[in-house]
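Chains as they are written, first to last, in my numbering: chain C, 3 to 939; chain E, 843 to 1252.
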């Protein structure tokens, strides 16, 4: 067995992993004990990475060969790389010749490696001469970038993970760290354990699992962050908690800001934010007066039409109280993606140039042109994500190259995005998985390598650069993204008027030396910049492990913390206060669209689920799409828990089940950002396919960062009148389950509502769940097709049919080795209430032989009682909520003691720890039976 | 002084010593034993026996003695004059006398005709060969039992209720049996194709052979006039030392016709089972045609008997309005039930349940929210309930979704 050190491809914590492999097959993964991000730990997602790289998953979901579509909607046909790149070059050259370089666009991803980014950026801005290159980091971190640059002068998170341990106050804003950055949260838990005096304040409209560790939770109204921050500064000034000395010595622009916050009185702030004035004061006190205050923030601040203002207004607080440049103090932006940082470093965005240079800056453009050996870099600002797809929809951009991201799932206002992808004359999708929604729009599909196969570097949230190393060779005809881009670039060079050197891309296309050469070129571009890494080399990374930037020539280690000397990355060295007035959300709820829709992450899923979504076990914690609503709102609208609702914004509508939750306030709603049309769809009145959660979201973006307001849209929520319902569940062979899911996807659009998700918590088996609803029972052919795919078209299948009533039920029992019979698959059409107990029977593989024909009987109550194992809370060790409650009912004592008892007896939360916040909540809610209430306080 | 005039007992003559007639007498005696002097003529030499239990006898599960319903002692005890083995050949409706083949005569005030029916023999060449029989009475049954001891190959023509019971019995007695059926599936009068398919498979599993859609051309015989094979229209043959014809029955109406009683399918009777021609004469059972239907199953005959007896007893009321028949196959281990319009059709809706593993198939036919037909195979536990719903024509809309899962759930 071979072992390879690399990194996790999910969030921006940037954990190190050790990949175990046998020959060409990845067999296991574990946390890298030596990696300074995680010291051996992994979360539920990271710990199951190897399961997303099995032969079964690869064969069923990967894009393994270049493919071409004869026409839109046609099934793509396999072609060679040569033919694929020839067509790509021909088309791009043609478009550039006829319509100019700005008629093409590149839409990339924060999951690309630094080397991939660098080549694409050079291809667009250097060779083609367009700045139309942007990435999904625009949906993720650009407000953080703008916030840092407007205040501290550079896109550089000044803090590091070790600051968790040094902090006396943690201010977590707009981040569900417990779910989105689990390993960072493990370190926060450690810090709290080591230092019980550590105060933690969480600001979030929702009561997330992150709140379980909080001393104080401010459930502010969506989008009122700036008002909150101004209100805090107002109080700090009133109470004399600011640091005039520091302000005077190291900053500028405070007076204007002080004017602005003068009328942000506690009363007004409390009223606007919907919080208690005393909590506001307590927060101000903790933030300003603690020995060291560290802010952690993410999409809650970034994905906003006031994203830059939110980021900067928070940084204002750090500057005003001198909570920066010291151990445990500073504004620490948690990065969403594994290499959004790296992308920013090489300037892979429409408004950036390499090494944190600005496109708007003529000097910077000249420097880069010189480095690349081209006459100039175009000054026309490039189109950012939302603008780029709008331009494509308007016919301005005619050829689009999308790499390593899934805009047909993740971009706001899907109606426009889809119009863009349909209108665009030529769409290249360079992907790992053939299953993403965007692949359906591609004229040309280019197969890319992925985790475990790629090589290069990434930079995590704390400015730490790690090597990404391949454990196995590239499967099929897949290629590294940079290699495909460079190959394309070399071919295109021959077709365009010569710009400077013979070739701008002198890289060995198919070896690691190529990637290292690219990285070295990037390194040289950082010389003298804030992120100078001229002292770093791949050899050094191999020898000494991951390193933080800056690490200029002559230094042997990077800098853990920035601005310790109070000198900032601005021309005058002074940090600038950002004076922004509070602006409410772009689309305030009104009579027509009365609900605030918030979006966010689930614990065990990541982004569009193209990778995590292949594992049934990762659905155990949140099995199916749902919109969370406050019970009061549901009661007022006569919506029962689990009933279908139609959620509509000004841009589109989707249908999905409602789920009562008191974690959000009245008037608010929440849908996980993962549910794209791959898992959640249906059709509208015109028969158009529904596009998932982002059919609703708002493309309105921040004027500075251009980041769209994915976290807030005004929506209407009504009962969906789709009386005929369908539920089908089946265990399927591991080597066909995922291809079956692909075959079911097109059928989803034939219903008013449909969702299709895998399941299989606590087992190595693959299950598939298909749920749908319609106004009338569909024709038999469609149901027959679904039954075939779900393995129910079998001579042994039990059947019940009452066509006039639209009632159709089928169940298949399979004899098992131990002589018992298990429910292998079932379909309920019409009355699906029996799905409750049939689902348990199937999912938990209980003995079903006694049921016989009763399996077909209607109604929610099982013919004979059956004991469910419950819903998994701890995925790693498959411990269910029922088991935990049972244990808690006979366990007294202090909350921490009871948690420890749980971990000792059931072992839950002792592996990856992702469920610990949830365990804490359960400890709080489930008191020992017949025990004094104070037992759990 | 007693002014009442002791009424003279009237004479009741029963023609046909079978289940329908004797059941009528039992009902009558149950109401008032003193009303009539009763005389019974029977063509068979046996006392009244349970004809429908001939199959278990053939199958060797019961003996002839066990299926006798009314031993001679019963007739004696009730003062009934019996003439076994006497076939009535004439009725003089003017003198009100019946005459038997041996000249025996009997006067009547009331006459009860229960002449039953006779099996229909296919009019094919060779139908008169030795070894070609019907399946109707004890004699036929005895013939099959004897033949099974000496011969191997049997062909049963007719895949209906009777034919399958005969075939099953012959098989159990060691013969190699082929069932020949002209229709595409077995028991087409009682089952739909799906249920018949299950039935066929389970009978095949027991060793029966089937030739469906098979049209019999002729019966082939040997030199000494015994049947040796059945030849079909397609030219193929099936070896046969014994051929049992079970292709249906025909009501016995010759006697009635000779007496100029109006007959159609059977002797036409009113709702009180009196012949439309002569109110003194009743007809009950397979020989009677009530509202155009001549029943061949036991349940309706008993219902008719009750009404006829009631009328003979001068109670006056009591009307027979026809029967809703249901079927059960008396083949041990095979559960099937069929009633009403089980095939469905115009304006009907079907609910179907199938459990291939459990060998169960159920079909319920519904019209205007009423259960109008049922066809059950493998699990007939709820047959009685469905029959009740059929008879009562009760609205099942409210329980429709649970209907299939039986009374306990409904």
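The beta-carbon is built from N, C-alpha and C at its ideal position, and this holds for glycine as well.
Check: Taking the continuous beta strand (DSSP E) assigned at residue 1205(E), which residues delimit it?; Outcome: 1202 to 1209
Check: Under 8 Å between the Cβ atoms of residue 294(C) and residue 330(C)?; Outcome: yes
Check: Quick one: which residues of the segment 1170 to 1202 of chain E get their C-beta closer than 7 Å to a C-beta of chain C? List them in chain order.; Outcome: 1191, 1193, 1194, 1195, 1196, 1197, 1198, 1199, 1200, 1202
Check: Could one say the Cβ of residue 804(C) lies closer than 8 Å to chain E's Cβ atoms, at least one of them?; Outcome: yes
Check: Check each candidate in 183(C), 778(C), 793(C), 784(C) and name the one with the smallest Cα separation from residue 770(C).; Outcome: 793(C)
Check: Do you know how far the Cα of residue 1222(E) is from the Cα of residue 1195(E)?; Outcome: 13 Å
Check: With DSSP run on the structure shown, which of helix, strand or coil describes residue 948(C)?; Outcome: Residue numbering for chain C in the displayed model covers 3 to 939; residue 948(C) lies beyond these limits and cannot be assessed.
Check: With distances taken between CB atoms, is the gap from residue 579(C) to residue 255(C) smaller than 8 Å?; Outcome: yes
Check: Could you give the residue range of the alpha helix (DSSP H) that holds residue 271(C)?; Outcome: 268 to 275
Check: Quick check on the DSSP output: what are the complete alpha helix (DSSP H) runs of length 4 or more inside the segment 855 to 931 of chain C, in order along the chain?; Outcome: 883 to 891, 897 to 907, 918 to 927
Check: Is it the case that the segment 357 to 375 of chain C contacts the segment 389 to 406 of chain C, given that we only count it when at least three CB pairs across the two stretches are under 8 Å?; Outcome: no
Check: With a CB to CB cut of under 6 Å and the five nearest residues on each side skipped, what residues in its chain are close to residue 977(E)?; Outcome: 1004, 1008, 1086, 1088
Check: Between residue 268(C) and the rest of its own chain, which residues show a CB-CB distance below 6 Å, the 5 nearest in sequence each way excluded?; Outcome: 279, 282
Check: Is it right to say residue 1239(E) is buried, meaning 16 or more other beta carbons lie within 10 angstroms of its own, or is it exposed?; Outcome: exposed
Check: Which residues of the segment 779 to 810 of chain C have a Cβ closer than 8 Å to any Cβ of chain E? Give them in chain order.; Outcome: 797, 798, 799, 800, 801, 802, 803, 804, 805, 806, 807, 809
Check: So, under 8 Å CB-CB, residue 115(C) and residue 137(C) are touching, yes? Tell me the CB distance rounded to an integer number of Å.; Outcome: Contact flag wrong, Cβ pair sits at about 13 Å.
Check: Against chain C, with Cβ distances strictly below 8 Å, would residue 1076(E) count as a contact?; Outcome: no
Check: Buried or exposed: which applies to residue 416(C), given that a residue is buried once 16 or more other Cβ atoms fall within 10 Å of its Cβ?; Outcome: buried
Check: Count the CB pairs spanning the segment 240 to 251 of chain C and the segment 321 to 336 of chain C that are closer than 8 Å, and state whether there are at least three.; Outcome: yes
Check: Going by Cα to Cα distance, which pick from 1098(E), 1135(E), 1171(E), 865(E) is closest to residue 1002(E)?; Outcome: 1171(E)
Check: Do you know offhand how far residue 583(C)'s Cα is from residue 345(C)'s?; Outcome: 31 Å
Check: Could you spell out where the alpha helix (DSSP H) holding residue 83(C) opens and where it closes?; Outcome: 83 to 101
Check: Comparing C-alpha positions only, which one of 931(C), 127(C), 887(C) sits nearest to residue 381(C)?; Outcome: 127(C)
Check: Once you ignore the five residues that flank residue 935(C) on each side, which residues in its own chain have a CB closer than 7 Å to its CB?; Outcome: Confidence at residue 935(C) is low in this model, with a pLDDT of 46, below 50, so its placement is unreliable and no value can be given for it.
Check: Closer than 8 Å, CB to CB, is residue 307(C) near chain E or not?; Outcome: no
Check: If we count Cβ pairs, one from each stretch, closer than 8 Å, do we get three or more for the segment 627 to 634 of chain C versus the segment 164 to 179 of chain C?; Outcome: no
Check: Give a yes or no on whether the C-beta atoms belonging to residue 429(C) and residue 402(C) are separated by under 8 Å.; Outcome: yes
Check: How about the segment 1167 to 1183 of chain E and the segment 1136 to 1148 of chain E: do they share at least three Cβ pairs that are nearer than 8 Å?; Outcome: yes
Check: Residues of the segment 820 to 837 of chain C in Cβ contact with chain E at a cutoff of 8 Å, in chain order, please.; Outcome: 833
Check: Residues in its own chain within less than 7 Å of residue 987(E) by CB, not counting five upstream and five downstream?; Outcome: 900, 1015
Check: What do you reckon, are the CB atoms on residue 835(C) and residue 800(C) nearer than 8 Å?; Outcome: no
Check: Flag this pair as yes or no: are the beta carbons of residue 833(C) and residue 865(C) separated by less than 8 Å?; Outcome: no
Check: Using 8 Å as the limit for Cβ to Cβ distance, is residue 1246(E) near chain C?; Outcome: yes
Check: Quick check on residue 589(C): buried or exposed, where buried means 16 or more other Cβ atoms within 10 Å of its Cβ?; Outcome: buried
Check: Is DSSP giving residue 296(C) helix, strand or coil here?; Outcome: strand
Check: Considering residue 636(C), what are the terminal residues of the beta strand (DSSP E) in which it resides?; Outcome: From DSSP, residue 636(C) is part of no beta strand (DSSP E) but of the alpha helix (DSSP H) over 633 to 638.
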